[in-house]
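I have placed the structure first, in the form of structure tokens, so that the comments after it can refer back to it.
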């Protein structure tokens, strides 16, 4: 399946391109106290190692805004300041060196405050994400529509964009999220094509990792498959590194990004004569050392394994006491069961320019 992405305007955040046909960007948000510089820098570095390309931090007060100036020199990722309610915090974050702002105009207040923020970013050449949420629509919009419907979210977004357009500011990304899957999908379908600005996708407040990953995958997967979206965040309650992992898995499953290896493993059945779950988990852990975008299959049936996983680059199919090592569906040799993983990763290391994954 080839996905034809909706063409949007390109913006740049430092050296990172969003929109204009650039690869879909995976981002996350630190959940540390931004004022705790050491903890925030440490988490951002972990996010970067996981592949995160853009990171956001909360700015609840002046101390957090000032902390940006100390965080910035310690990290390589572009840094986004997340602002609510107080426009002065947006101005302070710009002064401290933020690379981009995320604001919800519905929580900023009077129009002149929003205009001050736009002017500050224009002077510094910084982009802004307009982030609209169903939980924080303007009171006037809620009175007009009665509740936060998809049409109400779009109306709120249109009102905000009018201010930016009036001021001639076009370096913006837009997002319009809900915690409900169907509402989020309906909203993005409405705004896609209506505006030429890059779209940031996300299901807000998706939940704990298990359910949240599923709900986010359904929401983002459907929209991305329709060509909608230029950057994504999987919002999970927990370690934000998992958000990055799940985000790349969504993109990889649609063929939109290559990022590290993909593990294929069968669900097991009555023919399985080994502990395939344990074998697959060990393989997954060792694959974390591999950076190449390879496909690796861990199969529990020595009869059907190579055939069922013939699209994998490398794989093993285990049986009682023995198994098969294969490459691109072609059997290379028979291996004792207790040597299967070592033989597999010796082959992977040999074929991936010596990446040290055989331990």
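Residue numbers (my numbering): 2 to 360. We put the beta carbon where it would ideally sit given N, CA and C, even for glycine.
Within the stretch 223 to 271, the runs of beta strand (DSSP E) at least 3 residues long that lie entirely inside it are, in chain order, 263 to 266. Taking C-beta separations shorter than 6 Å and ignoring five residues to either side along the sequence, the partners of residue 176 in its chain run 132, 201, following chain order. A straight line joining the alpha-carbon of residue 87 with that of residue 130 spans about 16 Å.
Judged by their CB atoms, residue 164 and residue 12 are not nearer to each other than the 8 Å cut-off. A residue is called buried when at least 16 other Cβ atoms come within 10 angstroms of its Cβ; residue 124 does not meet this threshold and is exposed. In chain order, 204, 216, 219, 220 place their CB closer than 8 Å to the CB of residue 182, counting only its own chain and leaving out the 5 sequence neighbours on each side. Within the same chain, 4, 5, 6, 7 come within 6 Å of residue 228 by CB-CB distance, once the 5 residues on both sides are set aside. In chain order, 20, 21, 171, 197, 198, 199 place their CB closer than 8 Å to the CB of residue 10, counting only its own chain and leaving out the 5 sequence neighbours on each side. Looking at 245, 166, 179, the one whose alpha-carbon comes closest to that of residue 152 is 179. One thing to note: residue 280 has its Cβ no nearer than 8 Å to the Cβ of residue 318. At a Cβ-Cβ threshold of 8 Å, residue 52 and residue 291 do not count as neighbours. Counting only the Cα atoms, residue 191 lies some 36 Å from residue 47.
Taking a cut-off of 8 Å on C-beta distances, the stretch 110 to 122 does not touch the stretch 72 to 83, as fewer than three cross pairs fall below it. For residue 10, the secondary structure class from DSSP, reduced to helix, strand or coil, is coil.
For the stretch 179 to 215, the continuous alpha helix (DSSP H) assignments of 4+ residues that do not extend past its boundaries occur at 182 to 192, in sequence order. Nearest to residue 89 by alpha-carbon distance, out of 159, 137, 61, 78, is 61. In the DSSP assignment, residue 42 falls within the alpha helix (DSSP H) that extends over 38 to 51. Counting along the chain, residue 319 sits inside no alpha helix (DSSP H); it lies in the beta strand (DSSP E) bounded by residues 315 to 319.
A distance below 6 Å between beta-carbons, with the five flanking residues on each side excluded, links residue 187 to the following residues of its chain, in chain order: 151. For residue 17, the closest alpha carbon among the candidates 128, 108, 225, 112 is that of 128.
Per the coordinates, the alpha-carbon of residue 110 lies some 16 Å from the alpha-carbon of residue 159. Cα atoms of residue 262 and residue 142: separation of roughly 46 Å, rounded to the nearest angstrom. DSSP, reduced to helix, strand and coil, places residue 87 outside both helices and strands of the structure shown, so it counts as coil. In the three-state reduction of the DSSP assignment, residue 95 falls in the helix class. Beta-bridge partners assigned by DSSP to residue 331: 328. The distance from the Cβ of residue 161 to that of residue 106 is about 4 Å, consistent with a contact at the 8 Å cut-off. DSSP lists 178 as the beta-bridge partner residues of residue 134.
The C-beta separation of residue 58 from residue 35 comes to about 5 Å, placing the pair in contact by the 8 Å criterion.
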